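Asks: Take a look at the following structure, please.
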């Protein structure tokens, strides 16, 4: 028991090193929020573009979605950070992590929004058009409000699991909370910083997980 | 421009030199997936079965377990196991640590999925055995199959994090090769291998999910009287 406290909840070690871990936490939260905003935004935009039913554009979107849905997040991050410089494009760890995670999330978001749009009965389009609404008005006033509501529970889980990928930034030496905790752990020869990092992750994600469970249940009730 | 791209990203000479390394990596990725996937599924099934007893205390504990591991990034779990546990005198190899992290992380997800399936079975009630097999089980499978496929794909993709504890799976092998030959062709090759192997699965998952959403949406609309 003493060894447990000494190793994993060492107040001395935490007292000395908590500022750098908290600084890492700020980076983690920044990356997470940017990823969600960019990923969901781009995903919605791509789903809307698919509604235009332009064949060439759709093919490009499908290729984009399939690539980023199939590749592991870490492979995308490592590729963007370590391989793109050979093509003359060097990105900072922060940018590389955000872009990679956002690309992956946007692929899943496109899929979710598009599936939701398809799930709406064709009658909705027909009715709106026959009432004299134009294509864009139908899309934005009738179809999207419903589709977004359908897509949200589908998307919530996905957004959480992809946002947890912020930890993968350590692979490209992004100074986020896990990486900071790891380096402090090496200096202090004590894993308490890892405990703190884990606790900080829980602070961020437990509310999201509980909220997504609530969303799911609400949808279950509606069904 | 195009030559430069070829020389850097699809350099056949370097590919010929490093492909044994990549194949070894691919093998390890496959073994890791095959080790973690059934274990995680079995653990998930166990969780779901325990949950179906509806013991209040037990269920509270299970929900906490599920939400806890859903909230942890799997990499944090892996680092805790690989670098944190040795301080307690428990030293796991990188392979064992990766399997353990993947199983802990995914058993919660699988548990949730099987729980939904079991609840569907239970709500229809167990009557004669043949009815269970012909009517109830197929419905449970229909409910479970899409999320099961989704989660399994995610698990296989997640094996790549084992590269961060120096397990020479596909991604790690590609990084090592890249540093040996100062050329990103191995990374490109690894990405292509991952894509070729996982793309059919990703398509299948997308189709299953879309089907499920469409049918649930149709039910919803019917219930509301919208056609």
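Protein chains in written order, with the numbering used here: chain W, 117 to 339; chain R, 2 to 228. In this text, a Cβ means the ideal position worked out from N, Cα and C, and glycines have one as well. Note that this is a predicted model, so its numbers are computed, not measured.
(1) If you count every other CB in all the chains shown that lies within 10 Å of the CB of residue 183 (chain R), and 16 or more means buried, which is it?
(2) At what residue ranges does the segment 152-190 of chain R contain a whole run of the alpha helix (DSSP H), taking only runs of 4 or more?
(3) Between W:142, W:135, W:155 and W:226, which has its C-alpha nearest residue 319 (chain W)'s C-alpha?
(4) Check the Cβ-Cβ distances between residue 174 (chain W) and every residue of chain R, and say whether any is below 8 Å.
(5) Any C-beta of chain R sitting closer than 8 Å to the C-beta of residue 232 (chain W)?
(6) Does DSSP put residue 206 (chain W) in a helix, in a strand, or in coil?
(7) Below 7 Å on C-beta distance, what does residue 205 (chain R) contact in chain W?
(8) According to DSSP, is residue 306 (chain W) part of a helix, a strand, or is it coil?
(9) Measuring only between beta-carbons, confirm whether residue 339 (chain W) sits less than 8 Å from chain R.
(10) Which residues of chain W have a Cβ atom closer than 7 Å to the Cβ of residue 1 (chain R), listed in chain order?
(11) Would you report the Cα separation of residue 189 (chain R) and residue 102 (chain R), rounded to the nearest angstrom?
(12) Counting only Cβ pairs nearer than 9 Å, list the residues of chain R close to residue 85 (chain W).
(13) Can you find the residues in the same chain that come closer than 8 Å, C-beta to C-beta, to residue 168 (chain R), ignoring five residues on each side of it along the sequence?
(14) Could you name the residues of the segment 83-104 of chain R whose beta carbon sits closer than 7 Å to any beta carbon of chain W, in the order they occur along the chain?
(15) For the putative contact between residue 150 (chain R) and residue 206 (chain R), defined by C-beta atoms under 8 Å, what is the C-beta separation to the nearest angstrom?
(16) Would a check of beta-carbon distances place residue 286 (chain W) closer than 8 Å to chain R?
(17) Residue 115 (chain R) CB to nearest chain W CB: under 8 Å?
(18) Mind checking if residue 298 (chain W) is an interface residue toward chain R, Cβ cutoff 8 Å exclusive?
(19) Considering only the alpha carbon of each residue, which of W:254, W:285, W:256 and W:126 lies closest to residue 215 (chain W)?
(20) Quick one: what does DSSP say residue 53 (chain R) is sitting in, helix, strand or coil?
(21) On the three-state DSSP scale, how would you describe residue 73 (chain R)?
(22) Going by other Cβ atoms of all chains shown within 10 Å of its Cβ, with 16 needed for buried, is residue 21 (chain R) buried or exposed?
(23) If we count Cβ pairs, one from each stretch, closer than 8 Å, do we get three or more for the segment 73-90 of chain R versus the segment 3-10 of chain R?
(24) Look at the Cβ atom of residue 164 (chain W), then the Cβ atom of residue 279 (chain W), and state whether they are nearer than 8 Å.
(25) Within the 8 Å Cβ cut-off, does residue 133 (chain W) reach chain R?
(26) So the candidates are W:307, W:257 and W:333; which of them puts its Cα closest to the Cα of residue 126 (chain W)?
(27) Less than 8 Å between CB atoms is the rule here; does residue 169 (chain R) satisfy it with respect to chain W?
(28) Going along chain R in order, which residues have a C-beta closer than 9 Å to the C-beta of residue 123 (chain W)?
Replies: According to the structure data:
(1) The residue given as residue 183 (chain R) occupies position 182 in the second chain. That one is exposed.
(2) Within the segment 152-190 of chain R, the complete alpha helix (DSSP H) runs of at least 4 residues are 171-182.
(3) The sequence position of residue 319 (chain W) within the first chain is 203, counting from 1. The shortest Cα separation from residue 319 (chain W) among W:142, W:135, W:155 and W:226 belongs to W:142.
(4) In the first chain, residue 174 (chain W) corresponds to position 58, counting from 1. Output row for residue 174 (chain W): interface = no.
(5) Sequence index remark: in the first chain, residue 232 (chain W) carries index 116 (1-based). Output row for residue 232 (chain W): interface = yes.
(6) To locate residue 206 (chain W), count along the first chain from 1; it is residue 90. In the structure shown, residue 206 (chain W) sits in coil (DSSP, three-state: anything other than H, G, I, E or B).
(7) If you number the second chain from 1, residue 205 (chain R) lands on position 204. Those within 7 Å of residue 205 (chain R) in chain W number zero; the least Cβ separation is about 11 Å.
(8) Within the first chain, the letter at position 190 stands for residue 306 (chain W). Reduced to three states, the DSSP call for residue 306 (chain W) is coil.
(9) Start at 1 with the first residue of the first chain, and residue 339 (chain W) comes out as number 223. Here residue 339 (chain W) scores only 43 on pLDDT, less than 50, and its place in the model should not be relied on; the value that follows carries that caveat. Output row for residue 339 (chain W): interface = yes.
(10) Nothing about residue 1 (chain R) can be reported from this structure: the residues present for chain R run from 2 to 228 only.
(11) The count along the second chain starts at 1 and reaches residue 189 (chain R) at position 188. The count along the second chain starts at 1 and reaches residue 102 (chain R) at position 101. About 27 Å.
(12) Coverage of chain W is limited to positions 117 through 339, which leaves residue 85 (chain W) absent and any answer about it impossible.
(13) Translated into positions along the second chain, residue 168 (chain R) becomes position 167. Closer than 8 Å at the Cβ level, and outside the excluded window around residue 168 (chain R), lie 29, 33, 95, 96 and 99.
(14) 84, 85, 88 and 89
(15) Residue 150 (chain R) sits at position 149 when you count from the first residue of the second chain. Residue 206 (chain R) sits at position 205 when you count from the first residue of the second chain. Contact holds; Cβ gap of about 5 Å.
(16) As a first step, residue 286 (chain W) must be located in the first chain, where it is residue number 170. So, interface residue.
(17) Numbered from its first residue, the second chain carries residue 115 (chain R) at position 114. So no, residue 115 (chain R) is outside the interface.
(18) One-based indexing of the first chain puts residue 298 (chain W) at position 182. Yes, because at least one Cβ of chain R sits closer than 8 Å to the Cβ of residue 298 (chain W).
(19) As a first step, residue 215 (chain W) must be located in the first chain, where it is residue number 99. The option with the nearest alpha carbon to residue 215 (chain W) is W:285.
(20) Within the second chain, residue 53 (chain R) is the residue found at index 52, counting from 1. Residue state, collapsed to three classes: coil.
(21) Translated into positions along the second chain, residue 73 (chain R) becomes position 72. In this structure, residue 73 (chain R) counts as coil in the three-state DSSP scheme.
(22) Your numbering for residue 21 (chain R) matches position 20 in the second chain. Label assigned to residue 21 (chain R): exposed.
(23) no
(24) As a position in the first chain, residue 164 (chain W) is number 48, starting the count at 1. As a position in the first chain, residue 279 (chain W) is number 163, starting the count at 1. It is not a contact, given that the beta carbons lie outside the stated cut-off.
(25) By 1-based counting over the first chain, the position of residue 133 (chain W) is 17. By this cut-off, residue 133 (chain W) is not an interface position.
(26) Counting from one through the first chain, the residue named residue 126 (chain W) turns up at place 10. Comparing Cα positions, the closest option is W:307.
(27) On the second chain, residue 169 (chain R) is found 168 positions in, with the first residue counted as 1. No, residue 169 (chain R) does not count as interfacial toward chain W.
(28) Here residue 123 (chain W) refers to the residue found at position 7 of the first chain. Residues of chain R passing the Cβ test: 85, 88 and 89.
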